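Peer 1: Numbering (our numbering), first residue to last: 2 to 295. Take a look at this one; I'll ask things after.
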């Protein structure tokens with residue numbers, strides 16, 4: 002019986018099988034890639050909608066807040082925490098919290114700080130006190146009485162700063178920022194440091210017409226600039242004892258810096274009214290504490 006010869010595969014058939022396997026592998030890989038792309042697009046599409054909508058809302062909110070409030074004081078900056086009443090416009094801080102136990106419509110207690118900037122519509126009638134310095138017309142009389150009483154006691158008081166326009170406040174703040182930049186600080190660092198000494202516009206008490214920087218004649222010749230040396234003077238001693246009798250308080254005490262956010266300023270006095278001044282001093286409170294904002 003003749004022996005059967007094994008079937009020999011031709012090179013063409015082997016090549017065809019290899020090609021078929023490659024084609025099948027390519028189809029499988031392509032299918033998997035399509036599935037992967039569908040999965041990725043579905044995932045990204047689901048996130049992008051809410052995310053971009055939320056981002057847009059956030060940007061819009063930031064923009065409104067930035068345009069609705071001004072920043073910064075000259076004599077001292079306030080704390081930077083947000084206003085406690087979310088329903089209140091950031092700029093409309095001329096009112097006092099009802100929970101503070103004081104008259105919420107008392108104009109003498111208006112707050113001006115980084116956390117409670119003055120509203121855009123805030124305005125004040127001014128009158129000249131001494132020199133070219135202007136104050137809220139309603140405090141001119143008690144101020145002049147205080148200066149006269151000090152003089153009768155042999156102490157001379159001199160005003161070195163009173164009401165400032167927002168434009169003037171901006172100039173002072175920008176100058177302080179540039180000073181720190183000259184020391185090598187970055188822009189943001191310079192702004193933060195400057196705000197410890199000069200409040201950004203709209204957040205300075207000097208914009209209210211109720212605040213004064215008080216020294217004595219010859220002070221600058223002796224010390225050159227406003228600093229803590231003023232507390233060594235007879236003028237400071239007299240004010241510490243008698244300012245409340247005319248409705249004025251030391252606005253930024255030495256031991257209240259963590260609350261006010263402002264460096265100690267023995268020369269900076271604020272009119273709050275006689276009864277409020279006496280109550281604040283008796284309780285050893287700064288304005289933030291007195292208004293229930295601390």
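All C-beta atoms, glycine included, are put in the ideal place defined by N, C-alpha and C. Keep in mind it's a predicted model, so treat the numbers as computed, not measured.
(1) Using 10 angstroms around the beta-carbon of residue 221, count the other beta-carbons present and answer buried if the total reaches 16, otherwise exposed.
(2) With a threshold of 8 Å, are at least 3 pairs of Cβ atoms found where one atom belongs to the region 124-135 and the other to the region 221-233?
(3) Going by C-alpha to C-alpha distance, which of 233, 197, 21 sits closest to residue 267?
(4) Does the distance from the C-beta atom of residue 287 to that of residue 257 stay below 7 Å?
(5) Quickly, what does DSSP pair residue 165 with across the bridge? List them, please.
(6) Buried or exposed, going by whether 16 or more other CB atoms sit within 10 Å of the CB of residue 269?
(7) Report all residues from its chain with a CB closer than 8 Å to the CB of residue 127; omit the five preceding and five following residues, and keep chain order.
(8) What residue range is occupied by the uninterrupted alpha helix (DSSP H) comprising residue 275?
(9) Return the first residue and the last residue of the beta strand (DSSP E) that residue 216 is part of.
(10) Exposed or buried, residue 277, counting other C-beta atoms within 10 Å across all chains shown (16 or more means buried)?
(11) Following the continuous beta strand (DSSP E) through residue 235, name the residue where it begins and the one where it ends.
(12) Can you list, in chain order, the residues of its chain with a C-beta nearer than 6 Å to that of residue 162? Leave out the 5 residues immediately preceding and following it.
(13) Which two residues bound the contiguous beta strand (DSSP E) that contains residue 272?
(14) Report the CB separation of residue 247 from residue 143 in whole angstroms; it is logged as a contact under 8 Å.
(15) Given this structure, state the Cα-to-Cα distance separating residue 28 from residue 188, to the nearest angstrom.
(16) May I have the straight-line CA-CA distance separating residue 33 from residue 21, to the nearest angstrom?
(17) Which parts of the region 105-170 are runs of the alpha helix (DSSP H), unbroken and 4 residues or longer, counting only runs that do not cross its ends?
(18) How long is the line joining the alpha carbons of residue 289 and residue 242, rounded to whole angstroms?
(19) Let's see if you can read the secondary structure: which residues bound the beta strand (DSSP E) around residue 251?
(20) Do you know how far the Cα of residue 253 is from the Cα of residue 292?
(21) Does the beta-carbon of residue 26 have 16 or more other beta-carbons within 10 angstroms, so that it is buried, or is it exposed?
(22) What is the DSSP secondary structure of residue 197, reduced to helix, strand or coil?
(23) DSSP state of residue 183, grouped into three classes?
(24) Pick from 177, 202, 170: whose alpha carbon is nearest that of residue 191?
(25) Roughly how many angstroms separate the alpha carbons of residue 239 and residue 271, rounded to a whole number?
(26) On the criterion of 16 or more Cβ atoms from any shown chain inside 10 Å, does residue 285 qualify as buried, or is it exposed?
(27) By the three-class DSSP mapping on this structure, what secondary structure does residue 265 have?
Peer 2: Quick look at the numbers:
(1) Locating residue 221 in the chain shown gives position 220, where the first residue counts as 1. Flag for residue 221 reads exposed.
(2) no
(3) What you label residue 267 is simply residue 266 of the chain shown in a count that begins at 1. Looking at the Cα atoms, 233 is the closest of the given residues.
(4) Here the question's residue 287 lines up with position 286 in the chain shown. Here the question's residue 257 lines up with position 256 in the chain shown. Their beta carbons are under 7 Å apart, which means residue 287 touches residue 257 by this criterion.
(5) Stepping through the chain shown from its first residue, residue 165 is reached at position 164. Answer by DSSP bridge pairing: none, since residue 165 is not bridged.
(6) By one-based count along the chain shown, residue 269 stands at place 268. When all chains shown are included, residue 269 counts as buried.
(7) If you number the chain shown from 1, residue 127 lands on position 126. Closer than 8 Å at the Cβ level, and outside the excluded window around residue 127, lie 135, 136, 137, 138, 164, 210.
(8) Within the chain shown, residue 275 is the residue found at index 274, counting from 1. Note, residue 275: alpha helix (DSSP H), 275-283.
(9) Residue mapping note: residue 216 aligns to position 215 of the chain shown, counting from 1. It spans 212-216 - the beta strand (DSSP E) in which residue 216 sits, taken as one unbroken run.
(10) Taking the first residue of the chain shown as 1, we reach residue 277 at position 276. With 16 or more other Cβ atoms within 10 Å, it is buried.
(11) By one-based count along the chain shown, residue 235 stands at place 234. Counting along the chain, residue 235 falls outside any beta strand (DSSP E), though it belongs to the alpha helix (DSSP H) covering 235-243.
(12) Along the chain shown, one-based indexing puts residue 162 at 161. Result list for residue 162: 214, in chain order.
(13) Reading the chain shown from its first residue, position 271 is the one you call residue 272. Here the beta strand (DSSP E) through residue 272 covers 269-272.
(14) Counting from one through the chain shown, the residue named residue 247 turns up at place 246. Counting from one through the chain shown, the residue named residue 143 turns up at place 142. Correct: roughly 5 Å between the Cβ atoms.
(15) On the chain shown, position 27 is the one that residue 28 refers to. On the chain shown, position 187 is the one that residue 188 refers to. Computed Cα separation, rounded: 59 Å.
(16) Numbered from 1 along the chain shown, position 32 holds the residue referred to as residue 33. Numbered from 1 along the chain shown, position 20 holds the residue referred to as residue 21. So the two alpha carbons sit approximately 18 Å from each other.
(17) 141-153
(18) Taking the first residue of the chain shown as 1, we reach residue 289 at position 288. Taking the first residue of the chain shown as 1, we reach residue 242 at position 241. The alpha-carbon atoms of residue 289 and residue 242 are separated by roughly 22 Å.
(19) As a position in the chain shown, residue 251 is number 250, starting the count at 1. Where residue 251 is concerned, the enclosing beta strand (DSSP E) stretches over 249-251.
(20) Looking up residue 292 in the chain shown gives position 291. Looking up residue 253 in the chain shown gives position 252. Going from the Cα of residue 292 to the Cα of residue 253 covers about 15 Å.
(21) In the chain shown, counting from the first residue as 1, residue 26 sits at position 25. Answer is exposed; the Cβ neighbour count stays below 16.
(22) Residue numbering aside, residue 197 sits at position 196 when the chain shown is read from its first letter. The answer is coil: DSSP assigns residue 197 none of H, G, I, E or B.
(23) Residue numbering aside, residue 183 sits at position 182 when the chain shown is read from its first letter. Helix at residue 183.
(24) Stepping through the chain shown from its first residue, residue 191 is reached at position 190. Of the listed residues, the one whose Cα sits closest to residue 191 is 177.
(25) Residue mapping note: residue 239 aligns to position 238 of the chain shown, counting from 1. Residue mapping note: residue 271 aligns to position 270 of the chain shown, counting from 1. Rounded to the nearest angstrom, the two C-alpha atoms are 16 Å apart.
(26) Here residue 285 refers to the residue found at position 284 of the chain shown. Residue 285 comes out exposed.
(27) Indexing the chain shown from 1 puts residue 265 at position 264. Of the three classes helix, strand and coil, the one that applies to residue 265 here is coil, per DSSP.
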